[in-house]
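Undergrad: The structure that follows is given in the form of structure tokens.
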Amino acid sequence: MFEHYEYSMAIKHYENFLKKNSDNTEAIRRLAKSYEKVNRPIDAIFLYEILLQSPAAIPEDFLSYAKVLKTNKKYIESQKWFKKYLSFFPKNREVLKEIDIEEIKTLQKKLENKNIKIRNLNINTPFSEFSPAFYAAGHQSLI
């Protein structure tokens, strides 16, 4: 399920599995990632916090946690975890962009600005959704 991008089904599977195997870090990791994919960031944050207390936590867990924190508008906290990830991979340009201090400040100001209204559009379903996107001349990939 998880490997086939069926995150809604994977969530049910891993939730049941973890009831009996609550310390299985790979199941926690996959459930957290599945929550991310179906736009349940609060649930993902909770699981990453559990996972990051484990000695089995890996650098990618720091990165995933940082991204979900940023998605959930916890910019300053996310920056801390991006930096922790960078301690393992200091030249990762993608992550270096994520922690751009000026960008974080701008996002925080927009969040605090009462003249800017941000709202969700009611266009998605509770299921995993994909769309074609071009990534190279003439090629398509499902994202």
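Numbering of the sequence shown is given in the working numbering, commencing with residue 985 and proceeding in unit increments. Think of the CB as a built atom: it goes at the ideal place given N, C-alpha and C, for glycine as much as any other residue. The structure presented is a predicted model; accordingly, all values stated were derived computationally and were not measured.
Give a single yes or no on whether Q1063 has its beta carbon closer than 6 Å to a heavy atom of the ligand GDP.
TA: The ligand GDP is not part of this structure, which contains no ligands at all.
Undergrad: Just checking my contact of L1189 with A1016 at CB under 8 Å: how many whole Å lie between their CB atoms?
TA: This structure does not reach residue 1189, given that the chain is present from 985 up to 1127, and the question cannot be answered.
Undergrad: So the candidates are P1039, P1074, K1021; which of them puts its Cα closest to the Cα of S1048?
TA: Cα-wise, what sits closest to S1048 is K1021.
Undergrad: From E1078 to H997, what distance separates their C-alpha atoms?
TA: One C-alpha to the other measures close to 32 Å.
Undergrad: Based on Cα-Cα distance, which residue from N1099, Y1069, E1061 lies nearest to I1088?
TA: If we check each option's Cα against that of I1088, E1061 comes out closest.
Undergrad: Is A1028 buried or exposed, if buried means 16 or more other CB atoms sit within 10 Å of its CB?
TA: That one is buried.
Undergrad: Looking at R1013 and L1035, is the spacing between their C-beta atoms short of 7 Å?
TA: Yes, they are a contact pair.
Undergrad: If A1050 and F1066 are in contact, beta carbons under 8 Å, what's the gap, nearest whole angstrom?
TA: Yes, A1050 and F1066 are in contact; Cβ-Cβ is about 4 Å, under 8 Å.
Undergrad: State buried or exposed for F1072, treating a residue as buried only when at least 16 other CB atoms are found within 10 Å of its CB.
TA: By the 10 Å Cβ count, F1072 comes out exposed.
Undergrad: Look up F1066 in the DSSP assignment and say whether it is helix, strand or coil.
TA: Correct three-state label for F1066: helix.
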